[in-house]
Amino acid sequence: MGLLKSAWLLLLFWVVSSPLCFRFHYCYGSELSVKFLKAPPATSRFSSAKFSFQAFEDGNRTCSSCRFHCKLDDRFSFDCHQRRVSYTKLLDGDHTLEVCANKMHGFGCNTYHWTVDTVSPTAFVTASMPFTSAKNVSVNITFTEPCVGGRGFRCSSVNACDLLVYGAGQVIPSSLTVLDQFLKYSLLVGLSPDAQYGRIVLVMNKNVCSDKAGNNFKRALGSRFFVHFDRRNVFVDLRTHVPEKLLKLNNQTRTVQATNDNDKLNVYLYFSEPVLNSSTEILRLLSTNQGDLLPVDGKTNGNRRFAFMVTNTSRRAIVTVTLDSDSIRSRHGTPASPTAPLTFLYDTERPHVLLNTTSGMRTRKHTIPVWIKFMKPVFGFNSSFVSVSGGYLDSFEELSGSIYIVYVKANTSTISVKVPENVTQDVAGNKNLASNILEVKHYSVPVLSSVISWISTYIFLVTSFVAGLLTLSTTSLYSLGAFPRPSPYLISDPTRNLFRTACHIQFFALSRWLPVTLPVDYYEFVRGIQWIIPYFPLPWETKHKEQIMVATSPYIGPHSYISKTQNDMINLQTSTNAESVYGLPLTAMEYRLFFETSNLKPEAEHVLGLPHSTVWRDFYRIMFWLAIIGGSLVLLHIFLSLILKFKKAHTEKKRSFGAFVFPRFELFLLILALPSICKAARSLIQGYFKHQGAAEASVIVGILVLCVVAVLLLALFIFLSFGITFGKLLQYKEIHQEGQTFHWYQELIRVTLGPGKRGQWTWKTEKNSVYLTRLGPVFEDLRGPPKYMLTQISGSNPLKQRDDRIIASDDENEDAEAPCIQKLFGILRIYYTFLETVKRVCLGIIAGAYFDNETAKTPIVVLLSITSFQLFFLVLKKPFIKKKVQLVEIISIACQVGVFASCLTLLTKEFPEASAKKLGIFMVMLFLIGFIAQMCNEWYSLYKQTKRLDQINRSFLSGLKMFIIGIAALILPHKMMKSKIPAAQLEGRSNSNGGIPFSTPENRYMNSSGSRSSGSLDKPWLRQIREMAKASFTRDRSNSKVPSDPSGSKSGWSSSIWGTKTSGSSSKNSSSDYKSRPKGLYKDLEAIFASK
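Here it is in structure tokens:
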């Protein structure tokens, strides 16, 4: 038992210790070495290996008793006593075979390392870009392992290159670059420039080389590479699902995209080639003028299609989507070509309709033009959609897609026109709303208004013609020597009265444009007298071309809708380009032009398809006719003046032509034209603010014209202030009789119409006295700050019938200064001309500031206030020298106040038709009252002037004869006509004086100035008259008193207020002395300033 146990222990020890001796090459006994007799190469291309080996003892002695153990890689060792071993199906990679030999007294091992490589070498061909548009492409050849066997990779020429190119390309041998010897190469492949697009195949050649194991090169899948090249442009198409329509616009068929459906606001991009950009990148390159863009998920077709949605747009918008294509690249690297913006109309608003007429709410015309204006263009609208009551539709005309004209014939007193709802639609499919109901009152022109306006016009023109002939005859007689010097009343009276009559007519004519609905009778009447403004249609405005108001956007022009009224020539010219733009989409500007309207108010005038701005229409009408009529009258004045110049007998008076002196007549025309000019200028300014489409040039022209008028008013004010108020140029003189008593009715007339004192204007500088006539229209019939000429003369005078005498300059030292209060009132009176001019200018400005059918209360109140103040000023200050003129002017201004009061009543109260008719007739009667008063005064003045033409007997028939002589003298020879004048008048003698030379004011004036006629005046008699006048004047300041002036204060004022300073010594006269003085001399002095 013990022996068996010891044997087992010994065996266990041997088993354990044997590997240790084998591992560490240590064994007790001799040293052993193992040598491989046969082994595979270090790198083998076979998966099998055969080994043979032998153990040697002590270096060279074969050990026949050795036992061998073999171990392959990490496998378990096994006995290989046959001294050979073989392996198959070895894996590629590094392997190790360990062989150990041992015997009882020795141990030895040896290890063999080799690599198994059964994989053939290959190469991967890659290009810098598989898709390109370049001329060359860079190619990299990378071998899987160093290919050291064989000839290696070569590329000496196009035909001797291991890289094969199939397709429109070839290698560039000179570009071969060795990046890593036997492993990595690079070279360029050129793409054919003749091919726009195509594909080349890059393939490695066969048997290029072998690896270390001897494996020959073998082409793999990576040894082939495809290169696509494309040099064509990359196109992009912006599309939308918005419906398209083909419309004929401006004689051209165009594509219009419009919708009112929010679900159709998608935008799509279609590329001709796949692009490298993502949907997010493309979204950043898209921009829209309305709303926002959001991406829409969907198929991209290989990055060829992208979808986006337009959101957050307004109810009505022209949407324009723009793509910045410069940053978009196709897979070939080609940038996308620019594409046109996508524009379409999104509109959910229903079209509004506005009806209006140029005839106003009342008209006398049987055919009433009604324009139908939609907020935007509509389609399919025709005459059957217009509802008319009280008349019938005569014709229908389309001016543009949004503006139509219908002509309605009236058969009742009230015509009603409307457009029902949902009868037409706009381009987006929105149905129209119902229009306003247009009601027009039709009336016949009142016979009374037509007759009065025609008769007034006829009477005024006849009167003007007669007054002109009489003035011309008077001047002609003066040139013949019939009058030594023209008297003021022979120059001023008829012309001034005629001028005031014209102003009276012009006032009523301008009242047509007041912002109030005037009664029919009065309105038609003032229309009949608007020639005084003048306001006529222009010559190129024919009667049958009805002026219709249309909007300036879209205007009738080269980009507008085709109108049926355009002539065939325009259609022929535009049709030549129709085919070239057929179906072309509209641009954003064209969408605005064709389908947008800024507002519903009319902004332009359309006359048979031609644009004509109403902003300029009134200006052109007034200024054109003012230039024609005024220029013609001025030319006539110049022509007659030239005739008179060559007919003048006295060479020393060639520069004086009486009433024809320049610029007296032109000054009348200018003052008369000021309100008309203001109306024309103000209409330009108002038209700009009323119509936003009007040009700014109208405002500039209107302001400049008003500035010119303001300068003229300032010049008038400066002349009145400097020349008269401060007495620098003119002096006004009045004659007073002391101790004169008046009856109660005379006192009433004095308080109402003025004292009727005889007055005369004189120029400070004698050599400039001609300016009394030239500038006379401003002041000659007004009273100014007076110098009083006092007299207490009584008795008889054989010359008392002479009412046209003037005081000689020698007697000017007998003048008495007027009291301060009288001077103040005289200063105020002289500004009546300025007040009248300002009122008329204001009336012209207000007349141009409002259009038909507009009402406003404020301007009426302003004009009523100015005119009422003028009437108060007229009654209180009595500015006119003559009582008849004062009375006529009071009547005229009172009638004007009545017109403004009536207009104010029309604004504050609604009148029935019958009451309105009565009020209209009343307003016409107000005109007649003032006009008749003016005409009576004018014809009376003409009658008196005709009598004064006879300087001897003052006979009307004789004066009429002299009138004919004066007219004939313009044509017939001068000597013949002069022989027809009575010798006594030529010699300055009066038959009633028994051959004594009569003392005319002209003679006296000539005597004072030193230009005396030879032998025509009795100097001792004249000196005696002067001495009598001097003796009659009082010089005592304490006793001298001036009769009170009812025009300046109440008649009960204290006499001390009216005390006067005189230039001579004082003298006292008893009542008996006063009565003994001859009254004839006073009459003579009073006649110095006599008038009509």
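Under mature numbering (1 follows the signal peptide of the UniProt record, and there is no 0), read the sequence shown as residues -18 to -1, 1 to 1074, first letter to last.
Every residue, glycine too, gets a C-beta built ideally from N, C-alpha and C.
Checklist entry - From 267, 401 and 702, pick the residue whose C-alpha is nearest to that of residue 419; which is it? => result Against the sequence shown, residue 419 aligns to sequence position 437. Distance from the Cα of residue 419 is smallest, within the candidate group 267, 401 and 702, for 401.
Checklist entry - Between which two residues does the alpha helix (DSSP H) harbouring residue 859 extend? => result Your numbering for residue 859 matches position 877 in the sequence shown. Per DSSP, residue 859 belongs to the alpha helix (DSSP H) from 840 to 859.
Next on the checklist: Let me check one thing: in DSSP terms, what residues is residue 291 bridge-paired to?
Outcome noted: Looking up residue 291 in the sequence shown gives position 309. Among the bridge pairs identified by DSSP, residue 291 is matched with 248 and 276.
Next on the checklist: So residue 94 and residue 21 are supposed to be a Cβ contact under 8 Å. How far apart are they, rounded?
Outcome noted: Residue mapping note: residue 94 aligns to position 112 of the sequence shown, counting from 1. Residue mapping note: residue 21 aligns to position 39 of the sequence shown, counting from 1. Rounded, the Cβ-Cβ distance is 5 Å, consistent with contact.
Checklist entry - In the structure shown, what three-state DSSP assignment does residue 500 receive? => result To locate residue 500, count along the sequence shown from 1; it is residue 518. In the three-state reduction of the DSSP assignment, residue 500 falls in the coil class, being assigned neither a helical nor a strand state.
Checklist entry - In this structure, does DSSP put residue 371 in helix, strand or coil? => result Residue mapping note: residue 371 aligns to position 389 of the sequence shown, counting from 1. The DSSP-derived three-state label of residue 371 is strand.
Checklist entry - From 158, 506, 395 and 488, pick the residue whose C-alpha is nearest to that of residue 140; which is it? => result Taking the sequence shown and counting its residues from 1, one reaches residue 140 at position 158. For residue 140, the nearest C-alpha among the options comes from 158.
Next on the checklist: Considering only DSSP beta bridges, list what residue 152 is partnered with.
Outcome noted: In the sequence shown, residue 152 corresponds to position 170, counting from 1. The secondary-structure analysis by DSSP pairs residue 152 across a beta bridge with 172.
Next on the checklist: Contact defined as beta carbons within less than 8 Å: I believe residue 255 pairs with residue 314. What is the distance between those atoms, to the nearest angstrom?
Outcome noted: Taking the first residue of the sequence shown as position 1, residue 255 is located at position 273. Taking the first residue of the sequence shown as position 1, residue 314 is located at position 332. Confirmed, about 7 Å.
Checklist entry - Relative to the C-alpha of residue 391, which residue among 415, 399, 421 and 350 is closest? => result The count along the sequence shown starts at 1 and reaches residue 391 at position 409. Considering only alpha carbons, the answer is 350.
Checklist entry - Does the distance from the CB of residue 608 to the CB of residue 822 come in under 9 Å? => result Taking the first residue of the sequence shown as position 1, residue 608 is located at position 626. Taking the first residue of the sequence shown as position 1, residue 822 is located at position 840. With a cutoff of 9 Å on beta-carbon distance, residue 608 and residue 822 are scored as not near each other.
Item to check | Close beta carbons around residue 348, own chain, < 7 Å, minus the five adjacent residues each side | outcome: Here residue 348 is taken as the residue at index 366 of the sequence shown, counted from 1. Excluding five sequence positions before and after residue 348, the CB atoms of its chain that fall closer than 7 Å to its own CB belong to 391 and 392, given in chain order.
Checklist entry - Counting Cβ pairs closer than 8 Å, one from the stretch 837 to 855 and one from the stretch 699 to 711, do we hit at least three? => result Contact between the stretch 837 to 855 and the stretch 699 to 711 is absent: fewer than 3 CB-CB pairs across the two stretches fall below 8 Å.
Checklist entry - In chain order, what residues of the same chain have a beta carbon less than 8 Å from the beta carbon of residue 483, not counting five sequence neighbours either side? => result For this step, residue 483 is matched to residue 501 along the sequence shown. Around residue 483: 442, 445, 913, 916, 917 and 920.
Item to check | Alpha-carbon spacing of residue 685 relative to residue 406, whole angstroms | outcome: Indexing the sequence shown from 1 puts residue 685 at position 703. Indexing the sequence shown from 1 puts residue 406 at position 424. The straight-line gap separating the alpha-carbon atoms of residue 685 and residue 406 is approximately 45 Å.
Checklist entry - Secondary structure at residue 919, three-state DSSP: helix, strand or coil? => result Here residue 919 refers to the residue found at position 937 of the sequence shown. Assignment of residue 919 by DSSP, reduced to helix, strand and coil, places it in the helix class.
Item to check | Alpha carbon of residue 24 to alpha carbon of residue 78, nearest angstrom | outcome: For the purposes of this step, residue 24 is taken as residue 42 along the sequence shown, with counting starting at 1. For the purposes of this step, residue 78 is taken as residue 96 along the sequence shown, with counting starting at 1. So the alpha carbons of these two residues sit roughly 11 Å apart.
Item to check | For residue 880 and residue 812, believed in contact at Cβ under 8 Å, the rounded distance | outcome: If you number the sequence shown from 1, residue 812 lands on position 830. If you number the sequence shown from 1, residue 880 lands on position 898. Not really, about 27 Å apart at Cβ, beyond 8 Å.
Next on the checklist: Less than 9 Å between the C-beta atoms of residue 870 and residue 755, yes or no?
Outcome noted: Counted from its first residue, the sequence shown places residue 870 at position 888. Counted from its first residue, the sequence shown places residue 755 at position 773. Against a cut-off of 9 Å, the Cβ pair of residue 755 and residue 870 comes out as no contact.
Next on the checklist: Excluding the 5 residues flanking residue 150 on each side, which residues of the same chain have their C-beta closer than 7 Å to its C-beta?
Outcome noted: Taking the first residue of the sequence shown as 1, we reach residue 150 at position 168. Short of 7 Å from the beta carbon of residue 150, and not among the five residues preceding or following it, lie these beta carbons of its own chain, in chain order: 173, 174, 177, 180 and 182.
Checklist entry - Are residue 507 and residue 902 close, meaning C-beta to C-beta below 9 Å? => result What you label residue 507 is simply residue 525 of the sequence shown in a count that begins at 1. What you label residue 902 is simply residue 920 of the sequence shown in a count that begins at 1. It is a contact, given that the beta carbons lie within the stated cut-off.
Item to check | Cβ-Cβ distance between residue 1099 and residue 818 below 9 Å | outcome: The chain is shown only over -18 to 1074; residue 1099 falls outside these bounds and no answer can be derived.
Item to check | Integer Cβ distance of residue 270 from residue 301, believed to fall under 8 Å | outcome: The count along the sequence shown starts at 1 and reaches residue 270 at position 288. The count along the sequence shown starts at 1 and reaches residue 301 at position 319. Contact between residue 270 and residue 301 holds, since their C-beta atoms are separated by about 6 Å, short of 8 Å.
Item to check | Reference residue 838, options 814, 877 and 887, closest by Cα | outcome: One-based indexing of the sequence shown puts residue 838 at position 856. Measuring from the Cα of residue 838, the nearest candidate turns out to be 887.
Checklist entry - Would DSSP call residue 734 helix, strand or coil? => result The sequence position of residue 734 within the sequence shown is 752, counting from 1. The three-state secondary structure of residue 734, taken from DSSP, is helix.
Checklist entry - Does the separation of the CB atoms of residue 346 and residue 409 fall below 9 Å? => result Translated into positions along the sequence shown, residue 346 becomes position 364. Translated into positions along the sequence shown, residue 409 becomes position 427. Judged by their CB atoms, residue 346 and residue 409 are not nearer to each other than the 9 Å cut-off.
Checklist entry - Just curious, the alpha helix (DSSP H) that residue 819 is in, first and last residue? => result The count along the sequence shown starts at 1 and reaches residue 819 at position 837. For residue 819, the uninterrupted alpha helix (DSSP H) segment begins and ends at 814 to 831.
Item to check | Whole-number beta carbon distance between residue 154 and residue 1075, since they are thought to touch under 8 Å | outcome: Here the chain comprises residues numbered -18 to 1074, so residue 1075 is not present and cannot be evaluated.
Checklist entry - In the DSSP assignment, what are the bridge partners of residue 379? => result Locating residue 379 in the sequence shown gives position 397, counting from the first residue. Beta-bridge partners assigned by DSSP to residue 379: 387.
Checklist entry - So, helix, strand or coil for residue 931, using DSSP? => result One-based indexing of the sequence shown puts residue 931 at position 949. Of the three classes helix, strand and coil, the one that applies to residue 931 here is coil, per DSSP.
Checklist entry - So, using beta-carbon positions, are residue 303 and residue 275 closer together than 9 Å? => result Here residue 303 is taken as the residue at index 321 of the sequence shown, counted from 1. Here residue 275 is taken as the residue at index 293 of the sequence shown, counted from 1. Closer than 9 Å, so yes.
Checklist entry - By a C-beta neighbour count over all protein chains shown, 10 Å radius and 16 as the cutoff for buried, is residue 732 buried or exposed? => result Here residue 732 refers to the residue found at position 750 when the sequence shown is read from its first residue. That one is buried.
Item to check | Opening and closing residue of the beta strand (DSSP E) in which residue 226 lies | outcome: For the purposes of this step, residue 226 is taken as residue 244 along the sequence shown, with counting starting at 1. In the DSSP annotation of this structure, the continuous segment of the beta strand (DSSP E) that includes residue 226 starts and ends at 226 to 231.
Next on the checklist: Assuming residue 123 is part of the beta strand (DSSP E), what are its boundary residues?
Outcome noted: Mapped onto the sequence shown, residue 123 falls at position 141. Here the beta strand (DSSP E) through residue 123 covers 118 to 125.
Checklist entry - Smallest Cα separation from residue 92: which of 136, 461, 273 and 34? => result Here residue 92 is taken as the residue at index 110 of the sequence shown, counted from 1. Among 136, 461, 273 and 34, the Cα nearest to that of residue 92 belongs to 34.
Checklist entry - Among the residues of its own chain, which have a CB less than 8 Å from the CB of residue 815, if the five just before and after it don't count? => result Here residue 815 is taken as the residue at index 833 of the sequence shown, counted from 1. 698, 702, 760, 761 and 764, listed in sequence order.
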